[in-house]
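In the order they appear, the protein sequences are chains F and H. Residues in the first sequence are numbered from 1 upward in steps of one, following the working numbering. Residues in the second sequence are numbered from 1001 upward in steps of one, following the working numbering. Please read the structure below before turning to the comments.
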Amino acid sequence: MGYLWQETRQAFPLIFDGKSGIGGLLWVTLRVALISTSAALVIGLPIGLAIGLGRFRGRRVLQLLANASLALPSVVVGVAVLMLLLPQAQFGSLRWEFTIKGVYVAQTILALPFIVALTPAAIQGLPPGLIAQARTLGADRLQLSALALREAKIGVLAAVIAAFGAAISEVGAVIIVGGNFEGRDQTLGSALLAQFNYYGNVPAMIAIGLVLLAAILLLMGLLTVLQQRGGGIHLRFRTS
Amino acid sequence: MSFIWNELRDAVPLIVHGNPQLWQIIWFTLEVAAIATAAATVLGVPIGLAIGLGRFRGRGVAHALANASLALPPVVVGVFLYILFLPRAPLGSVQLIWTKQVVFIAQTILALPFTVALTAAAVQALPPGLLGQARLLGAGRLQISLLALREARIGVMAGIIAALGTALSEVAAVAILGGNIYGYNQTLASASLYEVNGGHYADALAIAIVLIAMILILMCGLGVLQHQGNGVRMRFRTAT
Chain F
1 MGYLWQETRQ AFPLIFDGKS GIGGLLWVTL RVALISTSAA LVIGLPIGLA
51 IGLGRFRGRR VLQLLANASL ALPSVVVGVA VLMLLLPQAQ FGSLRWEFTI
101 KGVYVAQTIL ALPFIVALTP AAIQGLPPGL IAQARTLGAD RLQLSALALR
151 EAKIGVLAAV IAAFGAAISE VGAVIIVGGN FEGRDQTLGS ALLAQFNYYG
201 NVPAMIAIGL VLLAAILLLM GLLTVLQQRG GGIHLRFRTS
Chain H
1001 MSFIWNELRD AVPLIVHGNP QLWQIIWFTL EVAAIATAAA TVLGVPIGLA
1051 IGLGRFRGRG VAHALANASL ALPPVVVGVF LYILFLPRAP LGSVQLIWTK
1101 QVVFIAQTIL ALPFTVALTA AAVQALPPGL LGQARLLGAG RLQISLLALR
1151 EARIGVMAGI IAALGTALSE VAAVAILGGN IYGYNQTLAS ASLYEVNGGH
1201 YADALAIAIV LIAMILILMC GLGVLQHQGN GVRMRFRTAT
């Protein structure tokens, strides 16, 4: 145990030392996670609602595809996005390869499946009569969506939490699309991998890992409080 | 278009006879997915039920922790376990680094949060009266758990599906702990990363295509099962 303790003790000064660059890494990580989760929410929520509420042909198939895309490997997304962004490819003129913009795109694609797949799952978990009743009473699409969102909000927030989790913790696509350049598009996760692969400095690895875990714990905790509070209001509303 | 097209055209023959180890990699990937998903289900569903149904102190905290662990970064899991297994560290005497077993362990740890958190969320989203009623009628813990599992099975299945997805597609912990050893403990995802790192984009793409195909088949299979369950339930409901 002495060994671990020693290394961990050396890690703490690194966390609070401005020169170690961990603050910058944290900032990039937060930016990537927030931007890609928001983008995924804006794009994914309407799709998720359509799959959950719609009554069109092929809805089942779409739901299955959405579920399957939950397993979209970050490495595959990384390779695909990079190949589209390379100078000789379609989007090469954007010059987004090996930049943080490419990383935003890749992480949004990785966060999207969670919103698209978990929103319909939450809506389908609602009491069967609810949506049908609203429909019979003449609710239009927008009203139905608002009702479904309100009633299924614990599940929808779970989807947001999962999307955020993927965006903040995945590294496969970040290293491939971003190129893992120090100080430019390195997140805490990809910096940790670089530290492991090239430097092997155990206290630095522990420091980066702890900061990443702390950030995740804090943000996910906040989101969960939000989710549970929503649940509380919902219950009170019901019993009154 | 021609760049991507060329790479794709190079990739397709590679799938068939490019990589002599391909079958071994496919087999190992399936093995990892099966073991990790099964272990995560057996361990995680009971924990999720306890968090979702239990009325103990600290349940909110447990739920928040479960949600936060959804974002457990594979890199951090990989590096921290690696540090624990270093020769001088507490687990140094256990020879697990660069073995197949460590890959199973890593993927189980990464899959577990999905079964725990999504089971808890699914159970919580059940109509509030249902479980209270069962409790009042004198149902024991086991009976309430079974009732909750049956009613929330779409959500619980979603958790298992997400766990399978993680086991199939995560790569960072596998690469760090397993060493990404060609022909021994490479999964499709880590083999793809291996090829990208070597600059062999066509090979990476070939492996990625196989991986995506496998994910589609497995996830859709489970998805059909998930909805079949729903269909049976609806029929059962309307019949009584």
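Ideal placement from N, C-alpha and C gives every residue a C-beta, glycine not left out.
Beta carbon proximity, residue i to chain F, threshold 8 Å
i	result
H:Ser1192	yes
H:Gly1231	In this prediction, H:Gly1231 has a pLDDT of 47, which is less than 50 and means its spatial position is unreliable; nothing more can be read from the coordinates.
H:Ala1172	yes
H:Phe1028	no
H:Val1045	no
H:Glu1007	yes
H:Leu1205	yes
H:Phe1056	no
H:Asn1180	no
H:Ile1025	no
H:Gly1060	yes
H:Val1210	no
H:Val1079	yes
Neighbour-count burial assignment, residue i, 16 or more Cβ in a 10 Å radius
i	result
F:Glu182	exposed
F:Trp96	buried
F:Leu218	exposed
F:Leu223	buried
F:Ala214	exposed
F:Thr136	exposed
F:Tyr198	exposed
F:Ala146	exposed
F:Asp185	buried
H:Gly1140	exposed
F:Lys153	buried
H:Val1210	buried
F:Val225	exposed
F:Asn180	buried
H:Ser1002	exposed
H:Gly1048	buried
F:Phe16	exposed
Residue i and residue j closer than 8 Å at C-beta
i	j	result
F:Val77	F:Leu34	no
F:Val171	H:Ala1122	no
F:Asp191	F:Leu30	According to the sequence shown, residue 191 of chain F is Ala rather than Asp. No. Outside cutoff.
F:Pro73	H:Ala1189	yes
H:Ala1227	F:Arg59	Going by the sequence as given, residue 1227 of chain H is His instead of Ala. No, the Cβ-Cβ distance between H:His1227 and F:Arg59 is not below 8 Å.
H:Val1196	F:Val79	yes
H:Thr1108	H:Ala1152	no
H:Phe1028	H:Asn1180	no
F:Ala66	F:Pro120	yes
H:Thr1166	H:Val1174	no
F:Ile115	F:Leu45	yes
H:Leu1222	H:Leu1164	yes
F:Val177	F:Val75	no
H:Ala1162	H:Phe1104	no
Alpha-carbon to alpha-carbon, residue j and residue i
i	j	result
H:Ile1026	F:Leu149	40 Å
H:Ala1206	H:Val1012	6 Å
H:Leu1137	H:Ala1148	15 Å
F:Val202	H:Val1094	19 Å
H:Asn1067	H:Asp1203	36 Å
H:Gln1143	F:Arg141	39 Å
F:Trp5	F:Pro13	14 Å
H:Lys1100	H:Glu1031	10 Å
H:Gly1183	F:Gly200	26 Å
F:Gln227	F:Ala159	11 Å
H:Ala1213	H:Met1219	10 Å
F:Thr8	F:Leu130	54 Å
F:Gly221	F:Pro128	31 Å
F:Ala106	F:Ala50	24 Å
H:Phe1085	H:Val1102	11 Å
F:Thr99	F:Ala89	16 Å
8 Å Cβ cutoff, residue i in contact with chain H
i	result
F:Gln244	An answer regarding residue 244 of chain F cannot be provided, because it is not within the stretch 1 to 240 covered by chain F.
F:Arg257	Residue 257 of chain F is absent from the structure shown; chain F starts at 1 and stops at 240.
F:Arg60	yes
F:Thr224	yes
F:Phe196	yes
F:Ser74	yes
F:Leu84	yes
F:Ala173	no
F:Tyr104	no
F:Gln107	no
Cutoff 8 Å: residue i Cβ touching any chain B Cβ
i	result
H:Pro1013	The chain inventory of the structure shown lacks chain B, comprising the protein chains F and H.
Members of the stretch 1111 to 1133 of chain H that neighbour chain F once the beta carbon cut-off is set at 9 Å
Pro1113, Phe1114, Ala1117, Leu1118, Ala1121, Ala1122, Gln1124, Ala1125, Leu1126, Pro1127, Pro1128
Please name the residues in the stretch 1140 to 1157 of chain H whose beta-carbon is closer than 7 Å to at least one beta-carbon of chain F, in chain order.
Answer set for the stretch 1140 to 1157 of chain H: Ile1154, Gly1155.
When Cβ atoms are compared, which residues of the stretch 127 to 151 of chain F fall closer than 9 Å to chain H?
Pro127, Pro128
Got a sec: which bits of the stretch 1088 to 1103 of chain H sit with their beta carbon under 7 Å from any beta carbon on chain F, in order along the chain?
Arg1088, Ala1089, Pro1090
The stretch 155 to 169 of chain F: positions lying closer than 8 Å to chain H by Cβ
Gly155, Ala158, Ile161, Ala162, Phe164, Gly165, Ala166, Ile168, Ser169
Could you list the residues in the stretch 176 to 192 of chain F with a C-beta less than 7 Å from some C-beta on chain H, going in chain order?
Ile176, Gly189, Leu192
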